[in-house]
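Chains V and D, in that order, give the protein sequences. Just so we're aligned: 90 in our numbering is position 87 of the first sequence, and the numbers increase by one with no gaps anywhere. Just so we're aligned: 74 in our numbering is position 61 of the second sequence, and the numbers increase by one with no gaps anywhere. Beta carbons are placed, not taken as given, at the ideal position from N, Cα and C, and that holds for glycine. The structure presented is a predicted model; accordingly, all values stated were derived computationally and were not measured.
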Amino acid sequence: MNRFLIADSPVDIAALREALLRPGAGGFCAFEGWVRQTNDGRPVSGIEYEAFAPLATSEGQAILDEALARFDITATLAMHRTGYLLVGDIAVWIGVSAPHRDATFKACRYIIDEIKARVPVWKREHYVDGCAEWVECHLVG
Amino acid sequence: MPRIELEYFAQLGEQAGRRSETRETSVATAAALYEELRAAYGFVLPPERIRVAVNAAFRPWTQSLKDGDHVVFIPPVSGG
Chain V
4 MNRFLIADSP VDIAALREAL LRPGAGGFCA FEGWVRQTND GRPVSGIEYE
54 AFAPLATSEG QAILDEALAR FDITATLAMH RTGYLLVGDI AVWIGVSAPH
104 RDATFKACRY IIDEIKARVP VWKREHYVDG CAEWVECHLV G
Chain D
14 MPRIELEYFA QLGEQAGRRS ETRETSVATA AALYEELRAA YGFVLPPERI
64 RVAVNAAFRP WTQSLKDGDH VVFIPPVSGG
């Protein structure tokens with residue numbers, strides 16, 4: 004099973020979390036990226052995400068494999084949305100389970116940073132004033 | 014001439030005015046293909062800001078191209 008999902012419709016987050024339950028795991032940490040109502044001070048009505056899905060999936064999977072090798076974690080899954088999302092929608096979800104909490108926080112942080120830097124997904128912000136722009140935020144928070 | 018399958022994303026799709034095309038070209042490498050497309054569509058981004066994917070795997074700019082290859086030029090990503 005591929006553990007990095009590109010999804011064109013909302014995903015059941017409870018099911019993702021449940022897929023990370025392990026008897027040996029004593030901690031779980033999730034990161035959710037949400038669509039925010041402003042970008043650089045401009046009101047946003049929504050964000051359109053597009054992905055080069057085959058490469059996004061394999062690169063995302065490589066990042067999760069790196070996290071498994073680098074940190075003392077038990078399991079990890081991630082999901083990135085495509086399509087038109089509204090303010091408050093979940094754009095990205097990452098979950099990590101591990102024997103102890105410290106590794107879950109570190110792995111989550113590593114995975115979101117690498118996703119933002121490497122996975123071929125692009126967002127186009129739609130502003131309340133009617134404009135829409137492709138965002139270039141390579142390596143920027 | 015070799016036929017290359019191209020897909021365009023984000024601002025490259027906007028500037029090319031299309032999402033995909035099959036292009037006959039005599040260029041030998043990914044770098045030369047990008048220069049050809051820049052001339053055709055006026056892509057603003059320099060190659061330093063672009064990555065190359067051939068058949069859905071990241072490849073170097075020196076990658077040679079053959080008939081039927083699927084090529085995507087990856088502009089700066091902005092997921093998350």
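Note down, in chain order, all residues in the segment 75 to 97 of chain V with a beta-carbon under 9 Å from any beta-carbon belonging to chain D.
H83, A94 and V95
Under 7 Å by beta carbon: chain V residues contacting Q24 (chain D):
W137
Can you tell me whether T38 (chain D) is helix, strand or coil according to DSSP?
coil
Evaluate T41 (chain V) with the Cβ neighbour count: other Cβ atoms within 10 Å of its Cβ, from every protein chain shown; 16 or more gives buried, anything less gives exposed.
exposed
Would you verify that the beta carbon of W37 (chain V) is, or is not, closer than 7 Å to some beta carbon of chain D?
no
Taking 7 Å as the limit between beta carbons, can you name the residues of its chain near D80 (chain D), skipping five residues before and five after?
P15 and R16
Which residues does DSSP pair with L80 (chain V) in a beta bridge?
V:G98
Under 7 Å between the Cβ atoms of A110 (chain V) and A70 (chain V)?
yes
For E18 (chain D), I'd like the list of residues in its chain whose CB is within less than 6 Å of its CB, leaving aside the five on either flank, ordered along the chain.
T35 and H83
Pull up the distance between the alpha-carbon of G91 (chain V) and that of A72 (chain V), whole angstroms please.
33 Å
Any C-beta of chain D within less than 8 Å: which residues of the segment 113 to 129 of chain V qualify?
I115, I118, K119, A120, R121, V122, P123, V124, W125, K126 and R127
Run the CB neighbour count on E61 (chain D), radius 10 Å, all protein chains shown included, and call it buried at 16 or more, exposed below.
exposed
Taking contact to mean 3 or more Cβ pairs, one atom from each stretch, closer than 8 Å, check whether the segment 31 to 38 of chain V and the segment 40 to 58 of chain D are in contact.
no
Less than 7 Å separating the beta-carbons of I16 (chain V) and H83 (chain V)?
no
Please confirm whether L8 (chain V) has its beta-carbon closer than 7 Å to some beta-carbon of chain D.
no
Tell me, please, whether the CB atom of P13 (chain V) is closer than 7 Å to any CB atom in chain D?
no
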